[in-house]
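S.K.: If you scroll down you'll find the structure; I have some questions about it.
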Amino acid sequence: MSDRSLLDPPTPGLRARFKPGFGRRALLTIDTEEEFDWSKPFTPTGHKVDHLMRIGKFQEFCEGLSVVPVYLVDWPVVSSDLAKEVFPHLVTQGRAEIGVQLHPWVNPPQRETVNARNSYAGNLPPDLEREKFDNLVDAIEQNLGVSPLIYRAGRYGVGTETATILKGRGIAIDTSVRPHHDYSDDGGPDFTRHPDYPYWTDEQRNLLEIPLTTCYWGMLRKQGALLQPLIRKFPGLGGALAKTGMLERIPLTPEGTTSEEAIRCIDIALDDGFELLVISLHSPSLVPGHTPYVRSEDDLDALYDWLRAVFGYFELRGVKPTSVSEIMHQVEV
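Structure follows, in C-alpha cells:
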C-alpha cells in the first residue's frame with residue numbers, strides 16, 4: 332500500500348487517541364535555523380547562527396516553566412560548532428529534545444535552482460528531497476549524537492513523497508501541517524482542509540501528524556475555512572472581520588499573536604476537546620533584528636512575557652507541558 336500524501340487531509344478514522352491519564356498537553360517547538368533576511372530572496376550561503384549563544388538563557392527560562400523544548404534543527408545549525416557545544420548535554424540530561432527541519436536552499440546537495448517554489452522541499456524531485464533529508468539526519472546523528480524522531484519541513488513544505496522519506500529514516504512524528512493556512516500562491520502546500528487535532532498519516536499508524544495549533548475565533552469561526560478563499564482574495568476583509576469580532580485566525584505562537592489572542596485560541600481548542608496543543612517560534616527571534624517579530628529588546632521581552640503568560644494559563648486550565656518522548660509512549664496505536 333502506498334503512503335498517504337501529507338498534502339491530503341486524513342479520514343476521520345485516523346484521528347489519534349491517547350492513553351487514559353494523558354490529559355491535556357502542550358508541546359513547545361522551536362524552528363532552530365540560520366539567520367537570514369525574510370524580505371529578500373533565498374540564498375544558499377553566507378548565513379550565520381550566532382544567535383545560538385542565546386539558547387542557554389532560553390533553555391533556563393523553559394526549565395523554569397518545567398518545559399522540555401523541541402529544537403528542530405536545520406543544516407547551518409547542526410553543522411556549526413555552536414550547536415555541538417549547546418545541544419548534546421541538554422539532550423543527554425533530558426532537558427531538551429532534537430528534531431529535524433529541512434531548509435532545502437541551504438542543505439546539500441544543492442542541485443536545484445534556488446527560488447521560492449523550491450524552498451518547499453516537497454516540490455523537489457523525490458530523490459533530491461530524500462538525499463537532502465538523509466544528509467541532514469546523518470549530520471544530526473554524527474554531530475549531536477541524536478537519532479531524531481520528529482520532523483518539520485521548512486516553510487511547512489511537505490510533498491507527495493515526504494511521508495515515505497520520513498518513515499524510511501525512522502521518523503515517528505511529523506509536525507509540518509499548519510491548519511487553516513494556504514501557501515499555494517508561491518507553490519507551497521494548502522492546509523485549509525486539514526484538522527487541528529493529531530492524526531495518523533497512514534492506516535498502519537507508523538507516522539503521527541501533530542499539526543501546529545491554529546484556531547478560528549469569532550461569531551463566524553465555524554465558517555472560517557469557507558471564508559478563507561474570500562479573505563485571501565480581498566486582503567482588507569480579514570482585518571475587518573477581526574476588528575468586528577466576527578472572525579479571526581489565531582496561530583499559537585508568540586510571533587505575531589498577542590497573549591490575549593493566544594488565550595482565546597487555547598480556550599477554543601480545549602472547548603473543542605483537543606488533547607494536544609503545539610506552540611512554535613523561530614530561534615533567530617531570540618536575538619533582536621533577525622525576524623520581523625523581534626526587532627528590539629522590548630520585543631524580545633514581550634516574547635518571553637508571552638510564553639510566561641501562556642504557560643501560566645495552561646497551568647490554570649490543567650494543561651501540562653509534554654515532550655516527544657511522552658507523546659510516543661502515550662499515543663494509542
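Positions in the sequence shown are counted from 1; adding 331 to them yields our numbering. Heads up, the beta-carbon is just placed ideally off N, CA and C, and yes, glycines get one too.
Check whether the region 474-483 touches the region 429-447, taking contact to mean three or more Cβ pairs, one atom from each stretch, closer than 8 angstroms.
M.R.: The answer is yes - the region 429-447 touches the region 474-483, with three or more Cβ pairs under 8 angstroms.
S.K.: With DSSP as the reference, please indicate the residues paired to GLY430 in a beta bridge.
M.R.: Note: GLY430 sits in a beta bridge opposite LEU403.
S.K.: Taking Cβ positions, are LEU538 and ALA494 nearer each other than 7 angstroms?
M.R.: Yes, these two residues count as a Cβ contact at 7 angstroms.
S.K.: Compare the C-alpha of VAL662 against each of PRO340, ASP339, PHE353 and name the closest.
M.R.: Selected option, being the one with the closest Cα: PHE353.
S.K.: Suppose contacts are defined by Cβ-Cβ distances below 7 angstroms. Is LEU543 in contact with VAL609 by that definition?
M.R.: Yes; because the gap between Cβ atoms is below 7 angstroms, this pair is in contact.
S.K.: Could you check where the beta strand (DSSP E) with PRO439 kicks off and where it finishes?
M.R.: Taken as a continuous stretch (DSSP letters only), PRO439 belongs to no beta strand (DSSP E), as it is neither H nor E.
S.K.: What is the residue span of the alpha helix (DSSP H) that LEU345 lies within?
M.R.: No alpha helix (DSSP H) holds LEU345; DSSP gives it neither H nor E.
S.K.: According to the Cβ coordinates, are LEU606 and ARG355 closer than 7 angstroms?
M.R.: The question names Leu, yet the displayed sequence has Glu at residue 606. A contact, by the Cβ cut-off of 7 angstroms.
S.K.: Mind checking which residues open and close the alpha helix (DSSP H) that includes ALA640?
M.R.: Unbroken alpha helix (DSSP H) run through ALA640: 628-647.
S.K.: Given this structure, state the Cα-to-Cα distance separating LYS415 from LEU475, to the nearest angstrom.
M.R.: Roughly 6 angstroms between the two C-alpha positions.
S.K.: From HIS525 to GLY519, what distance separates their C-alpha atoms?
M.R.: Their Cα atoms are separated by approximately 15 angstroms.
S.K.: Helix, strand or coil: how does DSSP classify HIS660 here?
M.R.: Reduced to three states, the DSSP call for HIS660 is helix.
S.K.: According to DSSP, is VAL650 helix, strand or coil?
M.R.: Of the three classes helix, strand and coil, the one that applies to VAL650 here is strand, per DSSP.
S.K.: For the candidate residues PRO585, GLY587, ILE581, ARG626, whose alpha-carbon lies nearest to that of GLY596?
M.R.: Residue 596 is actually Cys in this sequence, not Gly. Selected option, being the one with the closest Cα: ILE581.
S.K.: Could you spell out the range, first to last residue, of the alpha helix (DSSP H) harbouring LEU608?
M.R.: Not the alpha helix (DSSP H): LEU608 falls in the beta strand (DSSP E), residues 607-613.
S.K.: Thinking C-beta only, is GLU366 closer than 7 angstroms to THR613?
M.R.: Here residue 613 is His; the residue named in the question, Thr, does not match the sequence. Cβ atoms of HIS613 and GLU366: not closer than 7 angstroms.
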